[in-house]
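Here the numbering used here is used: the first residue of the sequence shown is 9, the next is one more, and so on. Note that the Cβ used here is the ideal one computed from N, Cα and C, for glycine as well. Computed from a prediction, not measured in an experiment: that's the story for all the values here.
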Amino acid sequence: MSLPGVRAIPSLTYQQAVPPFSEHFSETDGDDSIDQGPAGGRGWDGRAASAHEQAAIPLLSPVEMANADGGALVGRLRRSPNAALFRATFGEHVLDNAALSWNGALLALEVFQQSAPDFYPYTSKYDAWLRGKIELSAHAPRGLELFNDPAKGNCAQCHPSSIKRGQFPQFTDYGFVALGVPRNANIPANQDPGYFDLGLCGPYRAAFTNRADYCGLFRTPSLRNVALRKTFFHNGVFRDLTDVLHFYVERDLSPERFYPGRSDGAVNKFDDLPSRFWLQINVEAPFRNGGGKPALTEDEIHDIINFLGALSDGYQSASLDSSEP
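Structure representation (structure tokens):
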């Protein structure tokens, strides 16, 4: 607990449908010619192809579980109160084999993450509304309309909100996007002006370090339970959902609200991404790169936040049987 990390911890919920990483992803109804580009994988940079691979990341990370290697974890398993249960599950002599024990630990975590009640229960107010069990309050339907409107929030472009092929929405297209979010001064690593977290092209993902067009791209998270989060974006720079919405609609109109000033009085915009990678920063709505008024008013921001609150699991209603799928 003495080494701080550099990224906000992504949620492990609603990951059951995340596809393995692909540089040429297509999820269209019958038209495979539409190439979405890089998508899929788990974590902010998509480097884990499955829950099995993802489980290894915190176990070995020096800023999380800090096991030196798989053997170190197995040594802890042998000494733990769970050793007997581990042997009962995987065989009497499993802990005598480090490779089998390591794989068993990852498998146990992988299977646990497939528990629907714990990881993808679909018990939000929005899910109840999709099932036709309830009506949403006045603000939430307006928020949903703004969320979907390409000229307003345009959120559904990356966070699809509708049922598709019989599946309730995950509120992510699994893609990668560069948003140019401000640098988080509270991350100790950022005290080094030469350090940058470039997402898909490093430093944690080594396969694409030479792909300049991937630098600054991070995977689009699901928005389920987003109203319950305490930090937002890959670096946790924002801690309030209202600030997140303001960033989207005012990043280009009032950058001084989000970025520090330079010695010459100008705004140091996109201060957490070297300028040679700025070409891939998203400029589609609700951003206003060409000027004009913000895409959303204060009331409209409030409506979208009200809708996002309806995505929190655990909703209970007298007219809703929460045990129903």
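So, with DSSP's three-state summary, where would you put residue i?
i	result
R50	strand
L304	coil
R87	helix
F155	helix
G317	helix
F246	strand
S330	Only weak support is given to the placement of S330: the predicted model assigns it a pLDDT of 44, under 50, and the question is left unresolved by the model.
I42	coil
A74	coil
Less than 9 Å between the C-beta atoms of residue i and residue j, yes or no?
i	j	result
V82	S109	yes
A293	N162	yes
P46	S58	no
L103	A116	no
F285	D260	no
G244	A74	no
Q178	Y22	yes
Can you give the Cα-Cα distance for residue i and residue j, rounded to whole angstroms?
i	j	result
S331	N105	Any reading at S331 needs caution, since the residue's pLDDT is 45, under 50, leaving its predicted position unreliable; the model's value is listed next. Near 41 Å, if we compare the C-alpha coordinates of N105 and S331.
G49	F240	19 Å
R173	R227	23 Å
A326	A136	Since pLDDT at A326 reaches only 48, below the 50 mark, its modelled position is unreliable, and no value is offered.
G202	F266	20 Å
D280	S34	30 Å
F120	G273	53 Å
P158	H147	19 Å
A214	S230	25 Å
E118	G112	10 Å
I65	L225	20 Å
P268	P89	51 Å
G13	I195	7 Å
Report the residue from the options whose alpha carbon sits nearest the alpha carbon of residue i.
i	options	result
P149	L114, A76, I171, N314	N314
R232	E118, N218, P89, P129	P129
P125	I195, S170, Q62, Q24	Q24
Pair every Cβ in the region 278 to 289 with every Cβ in the region 172 to 187, then say whether three or more of these pairs are closer than 8 Å. yes
Does the count of Cβ pairs from the region 307 to 321 and the region 117 to 134 closer than 8 Å reach three? yes
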